[in-house]
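Report on the structure given below.
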Amino acid sequence: MTTDEDTTASTVTVSYRPATERVRQELQTPSYRGYLRKTRGGRVAVGDEWSEFVSCGCGTTEDVELRVERVDGGSAIGTETAFEFVSRTGPRT
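Numbering-wise, UniProt numbering puts 92 at position 92 of the sequence shown, and it's gapless, one number per residue.
Structure follows, in structure tokens:
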């Protein structure tokens with residue numbers, strides 16, 4: 001959660017890999033954005049990396065690597081923070 005020293009970021013830009021259409025679609029859903037606000041709420045910084053997964057339907061999931069590329073307007077993810085997602089290519093690390 002945010003502290004008195006943290007201000008809520010207006011937008012956090014997150015890159016993702018693998019850069020598939022299915023992953024992109026799942027990241028765009030309101031429920032996934034809400035999930036990130038709840039699980040990643042609080043201080044955020046460029047370079048933070050998160051290992052997550054997205055639903056592929058029928059009880060299957062796909063692992064996805066997320067990395068914070070930009071933080072605008074504050075230093076913490078809060079209930080009003082918007083997310084922008086950009087694809088990232090290249091080998092997994």
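Here a beta-carbon is modelled for each residue, glycine too, at the ideal position from N, C-alpha and C.
Bear in mind that the values here come from a model prediction, so they are computed numbers and not experimental data.
Which residue or residues does DSSP assign as beta-bridge partners of residue i?
i: Val54; result: Glu62
i: Tyr16; result: Leu66 and Ser87
i: Val71; result: Val12
i: Gly42; result: Ile77
Can you have a look at residue i and say buried or exposed, based on whether 16 or more other CB atoms are within 10 angstroms of its CB?
i: Arg40; result: buried
i: Phe85; result: buried
i: Tyr16; result: buried
i: Val46; result: exposed
Can you list, in chain order, the residues of its chain with a C-beta nearer than 8 Å to that of residue i? Leave out the 5 residues immediately preceding and following it.
i: Asp6; result: Gly42, Arg43, Gly74, Ser75 and Ala76
i: Gln28; result: Phe85
i: Arg22; result: Val54, Cys56 and Glu62
i: Ala19; result: Ser87, Arg88 and Thr89
Only counting the same chain, and skipping five residues up and downstream in sequence, which positions put a Cβ closer than 6 Å to that of residue i?
i: Arg33; result: Phe83
i: Leu66; result: Val14, Tyr16, Trp50 and Glu52
Starting from residue i, follow the alpha helix (DSSP H) in both directions and report where the run begins and ends.
i: Glu21; result: Glu21 to Leu27
i: Thr79; result: Where Thr79 is concerned, there is no enclosing alpha helix (DSSP H), given that its DSSP letter is neither H nor E.
i: Thr39; result: Pro30 to Thr39
Does residue i get closer than 9 Å to chain C when you measure Cβ to Cβ?
i: Thr11; result: Within the model displayed, chain C is absent; a lone protein chain is all it includes.
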